[in-house]
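For the record, in the sequence shown the residue sitting at position 280 is 280 according to UniProt numbering, with numbers rising by one throughout.
Backbone N, C-alpha and C fix where the C-beta goes; we use that ideal spot for every residue, glycine too.
Just so you know, these numbers come straight off a predicted model, no measurement behind them.
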Amino acid sequence: MSLATHKINERLQRDRGEERECRLVWTINMEEMLIYFVRGNRMLWDPTHPSFAKLAMKKRRVEDIAALLKREVGPEEAFAVTAENVWKKFRSMRLFFLREVKKVHDSRSNIGDDGYTSTWAHYNRMRFLLQSLRPKENQDSDHPRHISVLGADLTVSSSNSDIRTSAPTANDSSSRCEASTTRQPNGVNVGLAKYETPSASQPRVTGSGGIKSGSRINDIFSSIQNEVRKSGPMQPKMAQQGKQPQGREALLKSYNKRLKDDVKSILDNFMEIVKLGVVEDESQVNRMTQVEEIHFQMQVRSSNMVRAAESLMKLVADVKQYLILNDFPSVNEAITQNSKIFKSKSQEADQKLMALRDDMASDLYELEEEFYSSVYKEK
1 MSLATHKINE RLQRDRGEER ECRLVWTINM EEMLIYFVRG NRMLWDPTHP SFAKLAMKKR
61 RVEDIAALLK REVGPEEAFA VTAENVWKKF RSMRLFFLRE VKKVHDSRSN IGDDGYTSTW
121 AHYNRMRFLL QSLRPKENQD SDHPRHISVL GADLTVSSSN SDIRTSAPTA NDSSSRCEAS
181 TTRQPNGVNV GLAKYETPSA SQPRVTGSGG IKSGSRINDI FSSIQNEVRK SGPMQPKMAQ
241 QGKQPQGREA LLKSYNKRLK DDVKSILDNF MEIVKLGVVE DESQVNRMTQ VEEIHFQMQV
301 RSSNMVRAAE SLMKLVADVK QYLILNDFPS VNEAITQNSK IFKSKSQEAD QKLMALRDDM
361 ASDLYELEEE FYSSVYKEK
């Protein structure tokens, strides 16, 4: 095979990979697993970790995470689950989380919208990143970790232009079929290097007045730490639904949807746990890697089942509360029945009083007749 033919085949395979990359759709479960795996690998996001500067080790960890996530998609989408796409997805989620943190802080500092609360599904799950955002005394404010937190009118260099600015949702993909630029053969190393080492081409981050706001940084992170301490444990997402006042039909539909989703989640996760019991004889992955993969997947599936069970218990409590407080037909029926009973008793008492009055009147009449016709009257 000639060199030209080899290059043409590589180009065709690369184009097919880009076409398949457009079919990748990130689901909620995939995003949760990605957050869980990255949180367990502290070297990927914590600058204080001893292995934070080891790019080769971090690249292998990202590739392992991509291999774990391939089991969550079909065979057609598995080609798009690469280490580069996985790292891009996490970077976009991290950037959106930092912007949400800034909005919450600005609303509490009377700078942005009053009473702003993040409605992003993964806001509480991404709080572990706050541990790596505390600035050091000898650290300059133009470090990439401080972008999206310091000011409203900040600029990002062209090297970070590939980061998504939209909120990642269940139907979003890390690759939206954009106009593809030249593919980098070592994309994971480049992405990690952008996150780790500040370059001279990156602009210096300043506040809205153009002056470095070191004191404001400390205020921001102190308020963030207070928020983390006050927020307490993370509540399940499904348990927070149904608390807002809404119509009866909408409430019943939401109850029905929660029930179906929770039961489906328990069933699907249980079936996946059962499927994990099948041992693959021939595989390109190392046996120990397979064991770790199965272990992590069982933990994620089990946590999903526990979360769904807690949501079902909360749903039962909500239904009981609704029936006790808001079941107006039964309340009206009980009131009508009691009013009929008391009305019949009132009529019965009136009848007895009328009969007693008639008896007393007749007795008094007879006594009067006897008195006027008696010998005592004649005397």
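### Message
Tell me which residues share the same chain as M288 and place their Cβ nearer than 6 Å to its Cβ, disregarding the 5 neighbours each side in the sequence.
### Response
none
#### Entry: With 16 other Cβ atoms within 10 Å as the buried cut-off, status of N256
exposed
### Message
Quick check on E366: buried or exposed, where buried means 16 or more other Cβ atoms within 10 Å of its Cβ?
### Response
exposed
### Message
Buried or exposed, going by whether 16 or more other CB atoms sit within 10 Å of the CB of S311?
### Response
buried
#### Entry: Inter-stretch contact at 8 Å, needing at least 3 Cβ pairs: the region 91 to 100 / the region 121 to 128
yes
### Message
I'd like to confirm something about F90: is its beta-carbon nearer than 6 Å to some heavy atom of the ligand ATP, or not?
### Response
Looking for the ligand ATP in the displayed structure turns up nothing, as the structure carries no ligands at all.
### Backbone CA spacing between K103 and I335 [nearest angstrom]
50 Å
### Query
Are R301 and I266 touching if we call contact CB-CB under 7 Å?
no
### Message
Contact between the region 58 to 73 and the region 30 to 40 is defined here as three or more beta-carbon pairs at a separation below 8 Å; is this criterion met?
### Response
yes
### Message
Along the chain, where does the alpha helix (DSSP H) containing R91 start, and where does it finish?
### Response
83 to 108
### Alpha-carbon to alpha-carbon, F90 and T27
13 Å
### Task
Kindly indicate the opening and closing residues of the alpha helix (DSSP H) around R263.
The residue asked about is misnamed: residue 263 is Val in this sequence, not Arg. V263 -> alpha helix (DSSP H) spans 248 to 275.
### Boundaries of the alpha helix (DSSP H) in which F371 is found, first to last residue
328 to 372
### Query
Between which two residues does the alpha helix (DSSP H) harbouring Y116 extend?
Counting along the chain, Y116 falls outside any alpha helix (DSSP H), and DSSP gives it neither H nor E.
### Query
Hey, how far is the Cα of A308 from the Cα of K314?
10 Å
### Query
From what residue to what residue does the alpha helix (DSSP H) around N29 run?
28 to 40
### Task
Measure the C-alpha to C-alpha separation of S339 and H105 and round it to an integer number of angstroms.
56 Å
### Message
Quick check: the Cα distance between M298 and S118, rounded to an integer number of angstroms?
### Response
30 Å
### Task
Below 8 Å on the Cβ atoms is my guess for A83 versus V62; work out the distance and round it to an integer in Å.
4 Å
### Message
In this structure, how does DSSP classify Y322 when only helix, strand and coil are distinguished?
### Response
helix
### Message
Less than 7 Å between the beta carbons of M57 and H49, yes or no?
### Response
no
### Message
Measuring straight from C-alpha to C-alpha, what distance separates E369 and D363?
### Response
10 Å
### Task
Give me the Cβ distance between I294 and L276, rounded to the nearest whole Å; I'm assuming they're in contact under 8 Å.
5 Å
#### Entry: Assigned exposure category for N304 - 16 Cβ within 10 Å defines buried
buried
### Query
With a CB to CB cut of under 7 Å and the five nearest residues on each side skipped, what residues in its chain are close to P47?
S132
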